[in-house]
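Visitor: I am attaching a structure below and will ask some questions about it afterwards.
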Amino acid sequence: MASEIRSGRPLIIDIKGNSLDDGPGTRSVVFMKGCPLNCAWCQNPESKKIAPELWFETDKCVSSGECVPACPEGALGPGDPLVIDRDKCTLCFDCVAACPSTALRRVGQDMTVEQVVAKIAPYKPFFDTTGGGVTLSGGEPTLFMEFTSQLLQALKQEGIPTLVETAGLFNFDAFAELVLPYCDIIYMDIKLIDPELHKRWCGVDNTRIKENFIRLHQMAASGGFSIKPRTPLIPGLTDTDQLMADLAGFYLAHGVKLAALEKNNPIWFDKSEKVGVEPDFAPDDPARGFYDNERYALIKKYFEDQGITILES
Amino acid sequence: MQAALTPKPAEQLFALLSSTADMFNQRPELQSEMKGTQGWINATVGFRGDDGSLGAAVQIKDGIITALDHLPEHRDACLVFRTSADFSAFQEASKDEASQMILKGRIWIEGAIAYYNYAEYLVNLLFLDQAKSVTEQAMHEHKLENLRIAEGADTSGRDEKARRKTERLRGEKLDPGVEWLEDPYLSELGMEDFPRLERFRKELFKTKARVSSEHGKLLTDFFVANGYETMSDGSPWEPSLRKAKSFHHLMDNRQALIREGDLLAGTYTPYPIFGLVNQPYTFGWQVWGELRTLGFRELDPYKIDEETIETLHKHVMPFFATRNIQHLWKAEFDNPLAARIHERYFAVFYYKTVSHSQTTPGHIKVLREGLDGIRRRIADELASDTAADQEKKDTLEAMTVSLDAVSAYTRNLAEQARKEIEAEQDPARKAELVEMLRILSKVPDRPAETLHEAVQALWIVHLSLGLESSDDGPHLGRLDQILQPYFDADLGKLNTNQERQDYIKFAVELIGCLYLRLSSHYNITMEITSWMNSGGPPSTTINLGGITPEGGDAVNDMTYVILKVTELLSLNDPNMHARFMPGVNSETYLKRVCEVNYITGATPCIHNDAAVIAALSGVNPAWPQEDIREWTAVGCVEPCLSGMHFPATGSIELNLMAPLEMALNNGVHPLLDWALGPETGKVEDGDFETFEDFMDAFTQQYHFLCGVSVEGNNQLGHIHQQHMPSPLISAIVDDCISTGRGITRGGARYNTSGVTSIGMADVADSLSAIKKAVYDDKKVGFAELKEALKYNFEGYKGLRAWIQNQVPKFGSGDPEAVAMAQRVTAMVADFAHSQTNYRGGHYTSGWWSMNYHAIYGRVSGASPSGRLAGEAFTPGLTPQASASKNLLDNLLDVAKLDPTTMDNNIAFNVRIVPSARDTHKQTITRMSDTIQAYFGQGGMQVQFIMINTDTLRDAMAHPEYYPDLLVRISGYCGYFTKLHRDLQLEIIRRNEYGL
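Protein chains in written order, with the numbering used here: chain G, 1 to 313; chain F, 1001 to 1995.
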């Protein structure tokens, strides 16, 4: 599974036209659906599965009741808000067609490279003046290496700078051949430095991720692209003193001088609900809250004292 | 049984009038309130139900009030209730509710409205305490509601302004026009360097504006003594000469004051910090009824003393009761349809009824030649034009008399300075006064040679122009271009670096004093106008940057000095405009404009020179480029070629939803139930087979409404020609001297009148909704959609959700939605451009709304776009907040509109909140880069409010922390905590975009 290269098109979750937090300048972000990791705190829970999903936004529902008879499985019950029996749902999406308010939506649209580029191209004047561009994100773009490659090439042809956000679990040779030549910036996640904990919380071993990162980091020294490692700070899970010390040691050992630490952002708990998934965290778990700024400052100082500059994103 | 015991409304009304009359007649001390300086103030005021249910009157005659149980044949004014139920509601209504009843067409006044106001004044004498407690109750309820709105809001906004000021950037000296400023951003200078400005600013914010009767009193004195309709000898007045001579009387007799400690002499009113001018011909007459309630009303409470009330009530108001623009218009044109529409508030507002001075006069000429130079030009013209007709001779004589009036006022100021020098003990202040006296002895009669002389001359001429007209504008124009030569000359004389640094500081302080002079006055407004137009700032505009007449980079040292003052003082008035020509003006300049916008939160607004020039050139191919490049934003945002153009840009302010509602109702306006427009077809009868059929009906209704408006505006122009010629402005607008015609008579080189259309995004989206829901997707029948509107979508929530979520909106990036907006803008502009005004020019088409988007929203029913009845429209041509979460879609769609359909400019409001991760510098860079891209795509104008929603919510409940929270409404700026709640909520509802 880990090194599988999918030749088909990914489903596109969303194209965010104007993102502020996914790279330099004004950026459009393409979110692809499907990820080989299974992080407990995944910020985009709707991006984990490759298959389409039914998204329900309570706030948008006006309880018009039009979706209820549209469902051939009887999975919808009238109410305010609507009641969905996800066990009965076969993902036919007939209810989505009937929903007037777009409270019910299909997550995952089939789009061609041309369609994606057409949606983004109008924003190019803003990329040009702000030094921005397009960010491929997910899910995991390298899970769809061929599509990602074609999309990057098409963007390059339009003169649009590119950035790929990856969890790093890919076949290096394929990546080097298909993605790297068309990619200006790579953001790679080192979610947990400890292999056992990585497996425990992200579902897979991180050996390959670390290897891939080191190789790319070394290649980046000779130019052509840049790479930035990022680590999410999930209270008590990824930010313990030991893990931070090991991470700093890993960076120092390989000459990494610049890294990002991302404060936990709990808005994903809401998102989980919308795709009908119950998050694996107790109601009082600190992961459900915003990150403690004091702890962040302490960690940042710890890295910077050792010569590693920390970027917030 | 209960019904029989309750008196009928007609009996109730008569009983009420009778008891009020009795109360009055029984109190002899009140009788003197009915006697004015020109005799008994007599009036008959009727009250009737439009449904025939009511009819009674009061007769105020020779100090006695009589109630009549019927409507007499002759009535000076009449209050009309749509039904007897509205009469009952009106009795119970708070002021705010009464205003809403007026706006909703449930009550209105016929005849000479001033006489109804007179009756209201008298009633207030009896029931003042009740009025006060009703107001207090309403304020208390609003306060509770505001606290609820603010619950849980982050309060860090209370310190935000101070924080933003601390990280000021340094600028690089790159612009070719910048000679002297090593750091053009003047980042080293803070408010602490200017104790004088700091003190003045504090005083401004803690001073309640005070009503002055000076203006109205002196004009009334003059007319009582010299006649108004005819001169004392019975011969008719020539309008320009009547205006000029009365103006001379005003200027020579008004108090010549120097604010304590000021660098500039002269004030608008006897209250130097903050006063209210009462120009009785336009605004002033309207407040008669409220003279005793102004002091405690909820919005814009003013200070007013007993003597002022008496002068206005007994002397000024009776004289102008029938000599004000609105009454003269109705009287001369037999209560025309245009006036009846105007007085019902729902569809068209004519700015001429409150102002006519939206123009930028030729200040450069005044400074270069002095008033003496202009007087010489006039004399030369008279001497050389032997064929001059009588109008030309009179017009030029009136110009000379008006220029002399300015000189007379200046002499009085000099005399005042002389007195103060004698009394002054502090040597430093004494030295300032001595310099002031030297300057006043020279300018504005003779040419200015120093910056201080130039600014003093400019100020005196500007305030004189304001007092000549309606104290609304006029505008200062390209202040950086006007003042740079003097700044340059002054610095050229200095030898050391220290001297130059001190001088630059002085220049900032001097311009700061000018700003505080400009902000020292408001227009007096009646409660409903305050309701509509919270705060009555005259909004004098100042324009910066852009290109020179030759096409070069106009940015200079003074551009940055003025931007520094804008940043330091952060005032709503003057209204600041930055022109930016892509490819010519520097990024350094644009970034500084952005930084000032960021620090102040809302100003300046930013115009794309290329797009405005393309609009003006496209519509007016015969106008030379060098003239067009002298454009300045006036009023809100509207282009005026400075010193040569009378653009009357706000002439017609039209609710674009009204013709749409009329098209849906076969010509009837639903709120007023008024069969106004042509019968263009019935939705219920299936008269609109295709969408195009409906579009035709909309177009016809628009043509009808705008056509009536043009007729009304031209009638008002005719009234201004008779009663409000402006010889002083005319003397400094080309080519009035050579043509011998004032600005109201077409003497300016360029003569246009402006239309602005309000509710564009809502109308375009409504048309898109009809097209898609009814015709393309057949989601709903047209008649059913109309039913849904009638019931304000109650019972139609699915349909409303479908329309709101499935019909692409203008601002979403959807090509069809933009095409619809383009269609609407083109339809409006084509019609406007085809119409001719009373001065021989054409009408222009603009898309800004002041705050009419809130008013017109209030009086419009539910819209096919899903907007609910009464909700505000979007400001200017700003897309709906729900159009897209992506700011770039908004920017790109607005940029796609054809500039030639927007030759009266646009107000595109965007509320942005910088990313918390960005530094001050990154925020400024991101703003500047985003604007560059938007302008590169053809965007014409943009104005940013940089305040987050939590701050606005907190400010609603806790105004004490936010006395100077500046926001852009649509084109002009206001202080958020002083706005009407409708408008506050509208601003909160605006999308908050990240940047």
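Where is the CB? At the ideal position from N, CA and C, for every residue including glycine. Quick caveat, the model's predicted, so the values are computed rather than measured.
Would you mind telling me which residues of chain G sit closer than 8 angstroms to L1654/F, beta carbon to beta carbon, in chain order?
Guide: None at all; the shortest Cβ gap to chain G is about 32 angstroms.
Visitor: Quick check on Y1185/F: buried or exposed, where buried means 16 or more other Cβ atoms within 10 Å of its Cβ?
Guide: When all chains shown are included, Y1185/F counts as buried.
Visitor: Could you name the residues of chain G that D1929/F contacts, counting a contact when the two beta carbons are closer than 7 angstroms?
Guide: T129, T130, listed in chain order.
Visitor: Out of A1554/F, T1540/F, S1539/F, which one is the CA nearest neighbour of G1546/F?
Guide: The residue with the shortest Cα to Cα distance from G1546/F is A1554/F.
Visitor: Pick helix, strand or coil for R1989/F, following the three-state DSSP scheme.
Guide: Reduced to three states, the DSSP call for R1989/F is helix.
Visitor: State the DSSP-derived secondary structure class of S1730/F, mapped to helix, strand or coil.
Guide: DSSP places S1730/F in helix when its eight states are reduced to three.
Visitor: Can you find a C-beta in chain F that's less than 8 angstroms from the C-beta of V96/G?
Guide: No - not a single Cβ of chain F is within 8 angstroms of the one on V96/G.
Visitor: With the cut-off set at 8 angstroms, would you say M1231/F and A1405/F are in Cβ contact?
Guide: Their beta carbons are not under 8 angstroms apart, which means M1231/F does not touch A1405/F by this criterion.
Visitor: Is it buried or exposed for P1009/F, if we count other Cβ within 10 angstroms and need 16 for buried?
Guide: Looking at its Cβ environment, which holds 16 or more other Cβ atoms inside 10 Å, P1009/F is buried.
Visitor: Do I1364/F and G1552/F come within 8 angstroms of each other at the CB atom, strictly closer than that value?
Guide: No, the Cβ-Cβ distance between G1552/F and I1364/F is not below 8 angstroms.
Visitor: Roughly how many angstroms lie between the CA atoms of R1990/F and I1969/F, to the nearest whole one?
Guide: Roughly 11 angstroms separates the two Cα atoms.
Visitor: With a Cβ-Cβ cutoff of 8 angstroms, do E1453/F and V1443/F count as a contact?
Guide: Yes, they are a contact pair.
Visitor: Which one of C1973/F, L1128/F, R1953/F, R1163/F has the shortest CA to CA distance from D1154/F?
Guide: It is R1953/F whose Cα lies nearest to the Cα of D1154/F.
Visitor: Going by beta carbon distance, what residues of the same chain come within less than 6 angstroms of I209/G, once the five residues before and after it are set aside?
Guide: Closer than 6 angstroms at Cβ, skipping near neighbours: G168, L169.
Visitor: Considering only the beta carbon of each residue, do M145/G and F175/G sit closer than 8 angstroms?
Guide: For M145/G and F175/G, yes; Cβs fall inside 8 angstroms.
Visitor: For A1321/F and A1114/F, what's the separation of their Cα atoms in angstroms?
Guide: Straight-line Cα distance between these residues: approximately 5 angstroms.
Visitor: Quick one, which of A1697/F, G1742/F, C1640/F, F1223/F has its alpha-carbon nearest R1323/F's?
Guide: When each option's Cα is compared against that of R1323/F, the closest is F1223/F.
Visitor: Within 10 Å of its beta-carbon, does R86/G have 16 or more other beta-carbons around it, so buried, or fewer, so exposed?
Guide: So R86/G counts as exposed.
Visitor: With a CB to CB cut of under 6 angstroms and the five nearest residues on each side skipped, what residues in its chain are close to S226/G?
Guide: The answer, listed in chain order, is I185, A220.
Visitor: Give me the Cα-Cα distance between M1/G and P36/G, rounded to the nearest whole angstrom.
Guide: Note that M1/G has pLDDT 39, beneath the 50 cutoff, so the model's placement of it is unreliable and no number is given.
Visitor: Tell me the rounded alpha-carbon separation between T1207/F and M1902/F.
Guide: Those two C-alpha atoms are separated by around 40 angstroms.
Visitor: Which residues in the same chain as G1618/F place their Cβ atom closer than 6 angstroms to its Cβ, once the five residues preceding and following it in sequence are excluded?
Guide: Around G1618/F: T1900.
Visitor: Are the CB atoms of P279/G and G132/G within a distance shorter than 8 angstroms?
Guide: Cβ atoms of G132/G and P279/G: not closer than 8 angstroms.
Visitor: If we ignore side chains and look at the alpha-carbon of each, how far apart do N1751/F and G1840/F end up?
Guide: Their Cα atoms are separated by approximately 7 angstroms.
Visitor: What are the start and end residues of the beta strand (DSSP E) that includes E273/G?
Guide: No beta strand (DSSP E) contains E273/G, which is instead part of the alpha helix (DSSP H) from 268-274.
Visitor: L180/G to I15/G, Cα distance in whole Å?
Guide: The alpha-carbon atoms of L180/G and I15/G are separated by roughly 22 angstroms.
Visitor: Give every residue of the same chain whose Cβ lies closer than 6 angstroms to the Cβ of G1046/F, excluding the five residues on either side of it in the sequence, and list them in chain order.
Guide: A1057, L1071, R1075, C1078, listed in sequence order.
Visitor: Does the stretch 1023-1035 of chain F come close enough to the stretch 1116-1135 of chain F that 3 or more CB-CB pairs lie under 8 angstroms?
Guide: Contact between the stretch 1116-1135 of chain F and the stretch 1023-1035 of chain F is present, because at least three Cβ pairs lie under 8 angstroms.
Visitor: For S64/G versus G1798/F, is the C-beta distance shorter than 8 angstroms?
Guide: Yes, the pair counts as a contact, with Cβ atoms nearer than the cut-off.
Visitor: Against Y123/G, what residues of chain F qualify as contacts under a CB-to-CB distance less than 7 angstroms, listed in chain order?
Guide: The contacting residues are L1888.
Visitor: Between K1493/F and A1507/F, what straight-line distance do the alpha-carbon atoms span, to the nearest angstrom?
Guide: Each residue's alpha carbon lies about 15 angstroms from the other.
Visitor: For the alpha helix (DSSP H) containing Q157/G, list its first residue and its last residue.
Guide: That run of the alpha helix (DSSP H) goes 145-157.
Visitor: Checking 8 angstroms against the spacing of the C-beta atoms, do G1811/F and A1773/F come in under that value?
Guide: No, the pair does not count as a contact, with Cβ atoms beyond the cut-off.
Visitor: Under 8 angstroms, Cβ to Cβ, is there at least one residue of chain F near G139/G?
Guide: It does not: the Cβ of G139/G has no partner Cβ on chain F nearer than 8 angstroms.
Visitor: Hey, is M1001/F's beta-carbon within less than 8 angstroms of any beta-carbon in chain G?
Guide: Its pLDDT being 38, under 50, M1001/F is placed unreliably by the model, and the measurement read from it follows with that caveat. Output row for M1001/F: interface = no.
Visitor: Can you check whether the C-beta of N1805/F is within less than 8 angstroms of a C-beta belonging to chain G?
Guide: Yes, contact with chain G.
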